[in-house]
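Chemist:
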Amino acid sequence: MSGAAREVTLVVDGRSVVVAEGASLLDAAGAAGVELPALCSDSRLSPVGSCRTCLVRADGRLAAACVTPAAAGTRVSTGTEELVDLRRDAVRTIVSALPSYALGPQVPSELARVCRDLGIGPQDARGSGGRGRDDSHPYVHLDRDLCIACGRCVRMCAEVQGTFALTLTGRGADTVVAPGTGGPWAESDCVACGGCVDTCPTGAITQPGEGSGLTSAELLPVVPRDAAAPDVVRTTCGFCGVGCALDVAVRDGAVAAVLPARDGPVNQGHACVKGRFAHGFAVSEERLTTPLLRGADGRLEPVTWEAAAAHIAQRLATAVDAYGPDSVAAISSARATNEENYLFQKFLRTVIGTNNIDNCSRLCHAPSAAGLVASFGLSGGTDAFDDLVRADCLLVVGANPVEAHPVVGARLLRSSLRGARLVVADPREVGLARYADVHLRPRPGTNVALFHGLAHVLLAEDLVDHGFLRERAGGVTELAALVASYPPEQVARLTGVPAADLVAAARLYGRAERPAIVYGLGVTEHLHGTDGVRTLANLAVLRGAVGTGHGYGVNPLRGQNNVQGASDMGALPDLLPGYGKVADPAARARAEAVWGGAVPSRPGLRIPDMFAAARAGTLRALWVLGEDVCATDPDTGNVERALDSCPFVVCSELFPSRTAQRADLVLPAASWLEKDGTFVNFDRRFQRVRPAIRPPGQARTDFAALHAVATAMGRDLGCTTPAAALAECARIAPLFAGLSHDRLDRETAVAWPCPDPAGPGTPKLYEERFATPDGLAHLAAVPYLPPGETPDDDHPLVLVTGRRWAHYNSGSMTRRSGNLGLAPVDQLDLHPDDAARHGIRDGEPVAVESRHGRARLTARISTETAPGQVFCAFHFPTSGVNRLTSGHADHATSCPEYKVTAVRVTAC
Ligand code: FES
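Number 800 in numbering that gives the first Met the number 0 belongs to position 801 of the sequence shown; there are no gaps in the numbering.
1) Ignore the nearest five residues each way along the sequence and tell me which others in Ala335's own chain have a CB closer than 6 Å to its CB.
2) Helix, strand or coil: how does DSSP classify Arg657 here?
3) Sorry if obvious, but does the Cβ on Leu38 come closer than 7 Å to a heavy atom of the ligand FES?
4) Confirm, please, whether the CB-CB distance from Gln313 to Ala256 is below 8 Å.
5) Mapping DSSP to helix, strand and coil, what is Pro301?
6) Do you know offhand how far Arg286's Cα is from Phe610's?
7) Is the region 570 to 577 in contact with the region 395 to 405, if contact means three or more CB pairs nearer than 8 Å?
8) In this structure, does DSSP put Phe647 in helix, strand or coil?
9) Looking at the secondary structure, which residues open and close the alpha helix (DSSP H) in which Gln563 lies?
10) Check whether the Cβ atoms of Asp188 and Gly182 lie closer than 8 Å to each other.
11) When we look at the beta-carbon of Ala253 and count the other beta-carbons within 10 Å, is it buried (16 or more) or exposed?
12) Excluding the 5 residues flanking Ala498 on each side, which residues of the same chain have their C-beta closer than 6 Å to its C-beta?
13) Compare the Cα-Cα distances from Arg922 to each of Ser378, Asn881, Ile839 and report the closest residue.
14) Work out the CA separation of Asn399 and Val429 for me, nearest whole Å.
15) Using only the heavy atoms of the ligand FES, determine whether one of them is closer than 7 Å to the beta carbon of Cys114.
16) Using CA coordinates, which residue listed in Leu642, Ala244, Ala780 is at the minimum distance from Arg657?
17) Apart from the five residues on each side of it in sequence, which residues of its chain come closer than 7 Å, Cβ to Cβ, to Leu24?
18) Quick check: what's the CA-CA separation for Pro876 versus Arg693?
19) Please state if the CB of Leu821 and the CB of Ala869 are separated by a distance shorter than 8 Å.
20) Using only the alpha-carbon positions, how far apart do Ala19 and Asp41 sit?
21) Quick one: what does DSSP say Ala448 is sitting in, helix, strand or coil?
22) If you check the beta carbons only, do Thr289 and Pro667 fall under 8 Å apart?
23) With DSSP run on the structure shown, which of helix, strand or coil describes Trp594?
24) Considering just the uninterrupted stretch of the alpha helix (DSSP H) at Ala613, what are its terminal residues?
25) Spatial neighbours of Arg903 within its chain, please: CB distance less than 7 Å, with the 5 preceding and 5 following residues excluded, ordered by chain position.
26) Who does Phe769 pair with in a DSSP beta bridge?
27) Would you decide whether Thr720 is buried or exposed? Buried here means 16 or more other CB atoms lie within 10 Å of its CB.
28) For Phe769 and Pro733, what's the separation of their Cα atoms in angstroms?
29) For Pro772, count the other beta carbons within 10 Å of its own beta carbon; 16 or more makes it buried, fewer makes it exposed. Which is it?
30) Apart from the five residues on each side of it in sequence, which residues of its chain come closer than 8 Å, Cβ to Cβ, to Gly120?
31) Can you give the Cα-Cα distance for Arg956 and Gly48, rounded to whole angstroms?
32) For the alpha helix (DSSP H) that Tyr341 lies in, which residues bound it at each end?
33) What's the C-alpha gap between Val139 and Arg510?
34) Starting from the N-terminal side, write out each stretch of the alpha helix (DSSP H) that is 4 residues or longer and does not extend beyond the region 667 to 731.
35) Hey, could you find the ends of the beta strand (DSSP E) Asp144 is sitting in?
36) For the putative contact between Pro395 and Val302, defined by C-beta atoms under 8 Å, what is the C-beta separation to the nearest angstrom?
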């Protein structure tokens with residue numbers, strides 16, 4: 000945790016101002032209400048002091064304010080005629096090399112504003128131009144004639160994004176920004192975070208828009224500090240679980256641009272290609288705009304909402320009457336808001352009378368929930384992201400945040416570049432691995448052995464916190480006895496990780512003062528995923544690096560925008576809102592008192608069990624909300640058979656997905672840009688989601704759809720607004736008792752547990768005691784067991800699946816945006832040795848066959864994958880990747896073993 004910042008007092012234009020120690024004179028001037036021109040400066044970047052437009056006098060000496068520290072007692076003058084003349088001269092010199100249109104009305108840039116203030120006009124811009132444009136990239140355009148070589152874009156790309164894609168080339172007045180690779184922008188390493196567009200002061204770098212493009216200056220004036228302004232809506236990103244705050248600029252009812260909020264609690268003015276640019280899906284012509292009912296001829300035909308709600312009501316009631324409430328099930332959505340998830344589980348429990356509700360955390364982080372609850376007591380990451388990036392050693396396991404959670408990846412990389420030691424454990428050479436002090440590459444499915452090996456070294460070399468283990472942990476003796484049989488040489492045999500690397504990694508983590516663990520689906524999506532989470536958590540406990548000031552715990556990176564919230568809200572078959580067990584009479588009584596009706600006590604079906612019940616004929620109705628289960632769930636053939644076997648399937652969707660195409664009734668849903676509510680991000684922060692645009696046609700929020708169906712069944716779900724739904728949830732769940740929309744509108748983000756409206760949230764967990772029944776952290780002494788799938792002569796390669804940077808999950812949104820141009824197909828990465836062995840060339844189509852199915856992809860030959868392993872995403876359902884994955888699942892939670900599938904690859 001950071002200590003209190005020290006402050007300094009100085010005098011600016013006769014006015015006393017106080018700034019934080021380390022601030023610049025530019026900051027001090029800003030604190031005094033003086034806005035200086037500062038063309039090479041951006042508060043998110045390190046200062047370079049190259050443009051000389053921010054000149055001031057400090058204690059009589061001329062100084063560039065941006066690079067001069069604010070020292071206590073300094074007397075600063077900013078507004079004398081001499082200084083204004085000097086600044087005007089500096090700006091005029093810069094402008095003289097530009098063509099006159101640089102200051103014309105078509106380029107409303109920061110530079111143009113500065114020139115206007117200083118009385119510099121287009122007549123001062125005398126450059127001849129002719130350096131040309133680069134419009135090769137779908138999202139980032141460059142007009143070289145407007146570049147003043149301030150270097151802000153280059154530093155943004157390096158310091159904030161961590162991609163190092165840009166450089167300044169040329170000499171003197173011909174210096175201009177260019178992709179470091181030398182070719183067109185579209186072929187560079189640019190990952191389109193938009194940071195260069197946001198910081199460019201001249202309009203040289205723009206994003207597509209009216210005229211030649213939208214400059215940062217054109218966008219920024221409409222971004223208010225006041226979220227109530229009518230043309231900009233502050234909301235939370237609806238792609239991954241990072242929870243970036245975004246300002247959506249709206250013109251004529253459509254999204255004009257999406258900008259990262261400078262004061263975003265997590266993203267701090269940064270975004271990724273998805274949140275920043277991939278909003279074209281909202282106006283895709285493929286959006287569903289009316290309810291569709293399958294007719295006698297087997298075709299989906301438009302019907303009114305009234306007819307759709309009445310039909311659903313009648314079919315659900317018929318199933319309940321004939322087969323009982325447990326013949327109905329629902330899959331809720333990590334894409335939907337908390338309030339929609341809350342209402343959906345309430346509908347199932349109070350209107351239908353079943354606990355048959357689950358959400359897609361079953362397919363990703365259910366082992367995190369189970370493992371973290373068993374080890375520490377609560378189902379969430381242990382520490383705040385702001386603290387995590389202060390760690391002096393990061394252990395990043397089974398995660399590729401540079402691609403899957405780019406804003407987190409960039410901040411972790413920044414920590415590493417500033418000196419934090421970095422250990423990456425992942426079979427692939429993921430983005431952070433290139434910067435790692437140690438990269439451990441365990442064979443897929445051997446995590447538990449790897450973590451036991453690390454624990455072995457920590458214990459053998461006495462790199463453990465004895466006081467913490469004595470006072471705050473249980474199970475030390477059992478774990479020590481178990482890991483004694485996991486010496487580095489033995490672990491090397493089990494995992495393929497060289498013993499020396501294992502020891503080096505353990506020493507880095509073990510000797511750090513403030514270590515932190517970040518992990519992803521590479522830990523959870525295994526046959527023994529829960530054991531993986533628990534044995535990874537062992538390391539933090541051994542070090543006393545959880546719930547203390549000696550480290551920042553164990554933190555899962557959540558895949559979907561609201562996968563934490565969907566579970567928090569009780570969209571789970573065994574848990575109520577706030578994680579009360581349905582089997583616990585006291586927890587049920589709390590919910591029943593608020594809902595005014597009985598809550599069933601028998602835990603419901605998990606998603607794989609729902610599909611099995613459908614195939615067996617016992618599940619008679621299934622409502623799938625915002626989840627293309629035919630694209631994302633493993634062993635797709637079995638999922639399709641389940642939907643085909645179920646007599647009535649409802650699907651709420653944005654697009655005619657593969658699941659929608661198999662449904663009996665399809666409801667057109669609103670997207671995250673069209674909804675009111677809240678999301679919970681990966682570090683347990685509740686943040687507001689606000690509608691920026693209206694849903695197309697008759698599309699409605701899932702919140703409205705649930706009310707409509709309940710009404711058609713003659714029931715009133717209460718809580719008629721999302722705000723009322725969160726308020727009601729707060730009455731049931733002590734963890735959320737202090738939360739409300741009003742509070743989140745005032746405070747922006749609050750981390751749960753938040754039991755008291757007057758108290759703060761809890762960004763860091765377990766500072767006094769763990770939330771287990773005995774208050775202790777529980778070490779897990781579970782042995783390593785092999786994965787469910789192993790390669791053989793027929794299927795000699797191991798397939799790992801994950802995400803690519805340009806797309807998201809099944810790609811339903813990103814494929815319907817400009818991102819499709821950035822990554823138009825699903826690729827199969829394979830090592831050059833394997834490519835040669837199987838006669839496969841880069842870029843050619845390949846057939847991938849497992850014991851379960853077949854897929855078709857495009858080969859990408861790369862050393863990022865180890866020999867014997869291949870990697871692909873599942874962003875394009877037509878490639879059929881999830882026909883390959885097996886039915887093996889984590890024994891504790893039924894989370895699929897997506898990360899280990901034996902396959903063979905052939906050219907086709
Ligand atoms: Fe200070 Fe450029 S902003 S020198």
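We put the CB at the ideal spot given by N, CA and C, even for glycine.
Modeler: Put simply:
1) Contacts found: Gly625, Asp701.
2) Three-state result, Arg657: helix.
3) At least one heavy atom of the ligand FES is nearer than 7 Å to the Cβ of Leu38, so yes.
4) Between Ala256 and Gln313, the C-beta spacing is not below 8 Å.
5) Reduced to three states, the DSSP call for Pro301 is strand.
6) Taking the straight line joining both Cα atoms gives about 27 Å.
7) The region 395 to 405 and the region 570 to 577 do not touch, with fewer than three beta-carbon pairs separated by less than 8 Å.
8) Phe647: strand per DSSP, three-state reduction.
9) Counting along the chain, the alpha helix (DSSP H) containing Gln563 begins and ends at 562 to 567.
10) No; because the gap between Cβ atoms is not below 8 Å, this pair is not in contact.
11) Exposed.
12) The residues Pro487, Glu488, Ala491, in chain order, have a CB closer than 6 Å to that of Ala498 in the same chain once the five nearest residues on each side in sequence are set aside.
13) Missing from the structure shown is residue 922; the chain here goes from 0 to 907 and no further.
14) Answer to the nearest angstrom: the Cα atoms are 6 Å apart.
15) Every heavy atom of the ligand FES is 7 Å or more from the Cβ of Cys114, so no.
16) The residue among Leu642, Ala244, Ala780 with its C-alpha nearest the C-alpha of Arg657 is Leu642.
17) Only residues of its own chain outside the window of five on either side were considered, and among them Val55, Ala57, Ala62, Ala64, Thr67, Ala69, Val75 have a CB closer than 7 Å to the CB of Leu24, listed in chain order.
18) Approximately 28 Å, taken between the alpha carbons.
19) Ala is not the amino acid found at residue 869; the sequence shown has Val there. Contact flag unset, no.
20) Those two C-alpha atoms are separated by around 17 Å.
21) Helix.
22) Between Thr289 and Pro667, the C-beta gap is smaller than 8 Å, which places the two residues in contact.
23) Looking at Trp594 - three-state DSSP - the assignment turns out to be helix.
24) 606 to 615 is the extent of the alpha helix (DSSP H) around Ala613.
25) Beyond the five residues adjoining it in sequence on each side, Arg903 comes within less than 7 Å, by CB distance, of Asp793, His794, Pro795, Leu796, Glu848 in the same chain, given in chain order.
26) For Phe769, which the question treats as bridged, DSSP gives no partner whatsoever.
27) Looking at its Cβ environment, which holds fewer than 16 other Cβ atoms inside 10 Å, Thr720 is exposed.
28) Taken atom to atom, the span from the alpha-carbon of Phe769 to that of Pro733 is near 17 Å.
29) Flag for Pro772 reads exposed.
30) Result list for Gly120: Leu102, Cys114, in chain order.
31) Residue 956 cannot be examined here, being either before or after the span of the chain that is shown, 0 to 907.
32) Note, Tyr341: alpha helix (DSSP H), 337 to 345.
33) Rounded to whole angstroms, the gap between the alpha carbons of Val139 and Arg510 is 44 Å.
34) With a minimum length of 4 residues, the continuous alpha helix (DSSP H) runs that stay inside the region 667 to 731 are 701 to 711, 721 to 731.
35) Unbroken run through Asp144: none, as it is neither H nor E.
36) It is Val, not Pro, that sits at residue 395 in the sequence shown. At roughly 49 Å, the Cβ-Cβ gap does not stay under 8 Å, so Val395 and Val302 are not in contact.
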